[in-house]
Structures are given as structure tokens and as C-alpha cells.
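Throughout the sequence shown, residue numbering follows my numbering, covering 60 to 324 in sequence.
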Amino acid sequence: MKKILTGLLVIFISNGYLAQEGIDKSEPGALSTDRPVQSETPFTVPKRHLQFEMGVNYEQGNEHAYNLNTAPNLLIKYGLTERLELRMTNNYINLENRNKSFIDGSDSNHTISGVDDPLFGLKYKLVGAGGGNTNAVVSLSSKVNAWGAEEFEQINTNLLLRATMARSFTDSWYAIVGLEYGFYDGIDDQIFYVVQTGYSFSFGLTALIEYYGYSSISEVKDAVNGALVYLINDRHQVDLSGGVGIDDNFYSHYFSLGYSFRLGL
Numbered sequence: 060m061k062k063i064l065t066g067l068l069v070i071f072i073s074n075g076y077l078a079q080e081g082i083d084k085s086e087p088g089a090l091s092t093d094r095p096v097q098s099e100t101p102f103t104v105p106k107r108h109l110q111f112e113m114g115v116n117y118e119q120g121n122e123h124a125y126n127l128n129t130a131p132n133l134l135i136k137y138g139l140t141e142r143l144e145l146r147m148t149n150n151y152i153n154l155e156n157r158n159k160s161f162i163d164g165s166d167s168n169h170t171i172s173g174v175d176d177p178l179f180g181l182k183y184k185l186v187g188a189g190g191g192n193t194n195a196v197v198s199l200s201s202k203v204n205a206w207g208a209e210e211f212e213q214i215n216t217n218l219l220l221r222a223t224m225a226r227s228f229t230d231s232w233y234a235i236v237g238l239e240y241g242f243y244d245g246i247d248d249q250i251f252y253v254v255q256t257g258y259s260f261s262f263g264l265t266a267l268i269e270y271y272g273y274s275s276i277s278e279v280k281d282a283v284n285g286a287l288v289y290l291i292n293d294r295h296q297v298d299l300s301g302g303v304g305i306d307d308n309f310y311s312h313y314f315s316l317g318y319s320f321r322l323g324l
């Protein structure tokens, strides 16, 4: 799967889309979010705009090993320039372990709750012109030990490096591919991969499906997600999503409901 995704990225680039003209400086278009699934939007937030992406998640482990509630999960993004955005992710987590520890795999049966440490990052638009049909972005993020609960400090995210490319085949149909390398303390480094395709209807509804997973030296975990996203207007959006894990060492299923909006400053 990783080789296939790498090939897709190379094909998108080699078709000459990197030669597109610069960023469209016209009025900001419709809201584009990283919610509700694992792939990131191939766009950045417009300059001097502040965007909030919020949701509630419920995830259950295989064989009821754990229940994970994230309410809320929050992503805040600010457009520093037409190409560059500043990002912060933060969550309130309630984790009920039933069979084994979510952190280290040891036998346990307890519940921990609290706010995790924030993940700060930058996202840069490489490709994407007004009227162009291909967009590409790169992002890097790192977790900062700040206000997070002590229970969630066992695993530190040192650095996440991600590349995302998307192509619109028609006015309604698109595809996204992404690759990410994660450097961690406490667990093996991981490669994240994702393929998404979706269809946008004329009345503001988009239906999408994606395949994604994580690969490390010790294990591979894959899952399939689907979502419905409704654009209320250019600045407000709601979403509903769910997914199932393919491998026994991943989650069993999850559901999520979200709301996002953007403000001009």
C-alpha cells in the first residue's frame, strides 16, 4: 500500500501540475476542513482567517478492549499568509480500559480522563491555483508538553511530517492521497498512509470514503472510513462519519459528529 501511494504522488507531480500559477488572491472560497476523517484538506486557511473544527468521537476497541470518548476534539487554524497556516490540535479524552492498557499493553481495568497536550504545527501550500484541478500541501506538527493530564504523557509525538495531494477529476468528483512519517518517544516510529475519494452534490452535501493505516516495525493497522459532510454556507459546516478497523490490533468501530466554522479577522 505504501508503494502504491508513493507512486500516486509521483504521478500527480509528474503530470506537470507543479507549473500551475500562484495562489488565487480573490475572496475566500467555501470552507474546507480536515474533519471528519483521517486525510487532510489540500488547502490552507485564507490569510487573516481563523477556523475552528470541532467534534465528538466514540471509538471501541476490538473485543471491547477499551472505549475511547473524545469530546470535544478541537483543531484551530489561522492563515498567516496565502500559503501558510498555523495549527493547534487539542482534545479532552475519556479512556476506559477493559482488557489491556491502551498505552503499553499491560493488563488493566481502569478509566483515565483529561485534556491531552496540544499538537502545534504549520501547513504550507505547494500547489494550488485558482481554477486548477490539483492541490498539494505539506505539514509538520509536534506535541508540546503544556497543560495535558499526566496520564497522557507516556507517548510523546516528537514530529509528524505529512504530504497531501488532491486532484479534481470533475466539478464533483475528487481523490486525495497522503503520506506521513511520525517520530515518537515511547513507541516505534510510524508511517501513515491514506487514500480518499468523494463526490460533491450541488446542494452542499459531500459523500466520501477512505482507506488508511499505520505501519511500523512491529505492526500494521488498517481501517476504512466513510463520511457525509454538509456545507451550510461558505463559512459553516456539519459532518457525520464512522469507520471500522480491518486488523484485529486496531479499533473495532468509531462514530463522530462535528461542526466547523471560519471567521475573518
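Every residue gets a Cβ at the ideal spot worked out from N, C-alpha and C, and that includes glycine.
- When the beta-carbon positions are compared, residue 322 and residue 108 come within less than 9 Å of each other.
- Here the C-alpha atom of residue 296 lies approximately 9 Å from the C-alpha atom of residue 92.
- In the DSSP assignment, residue 297 is bridged to 289 and 318.
- Under the DSSP definition of a beta bridge, residue 142 lacks any partner.
- By the criterion of a C-beta distance shorter than 6 Å, residue 307 is surrounded in its chain by 121, once the five residues flanking it on both sides are discounted.
- Note that the C-beta distance between residue 269 and residue 104 is not below 9 Å.
- Shown here, residue 99 sits in coil according to DSSP, grouped into three states, outside any helix or strand.
- Between residue 197 and residue 176 the beta-carbon gap is near 23 Å, outside 8 Å, which marks them as no contact.
- Burial is judged here by how many other beta carbons sit within 10 angstroms of a residue's own beta carbon; residue 88 has fewer than 16 and is exposed.
- For residue 102, the closest of 181, 272, 279 and 249 by C-alpha to C-alpha distance is 181.
- Minimum Cα-Cα distance from residue 266 among the listed residues 195, 205 and 231 corresponds to 231.
- In the three-state reduction of the DSSP assignment, residue 169 falls in the coil class, being assigned neither a helical nor a strand state.
- Pairing residue 127 with residue 304, the inter-Cα distance amounts to about 14 Å.
- The continuous beta strand (DSSP E) containing residue 114 extends over residues 108-120.
- Your pair residue 224 and residue 256 does not check out as a contact, with CB atoms roughly 13 Å apart and the cut at 8 Å.
- Sixteen is the threshold: since fewer than 16 other Cβ atoms of the shown chains lie within 10 Å of the Cβ of residue 276, the residue is exposed.
- C-alpha of residue 250 to C-alpha of residue 178: approximately 18 Å in a straight line.
- With a beta-carbon spacing of about 5 Å, residue 199 and residue 220 fall inside the 8 Å limit used to define contacts.
- Here residue 209 carries a helix assignment [DSSP, helix/strand/coil].
- Using a 10 angstroms sphere on the CB of residue 99, the tally of other CB atoms reaches 16 or more, which defines it as buried.
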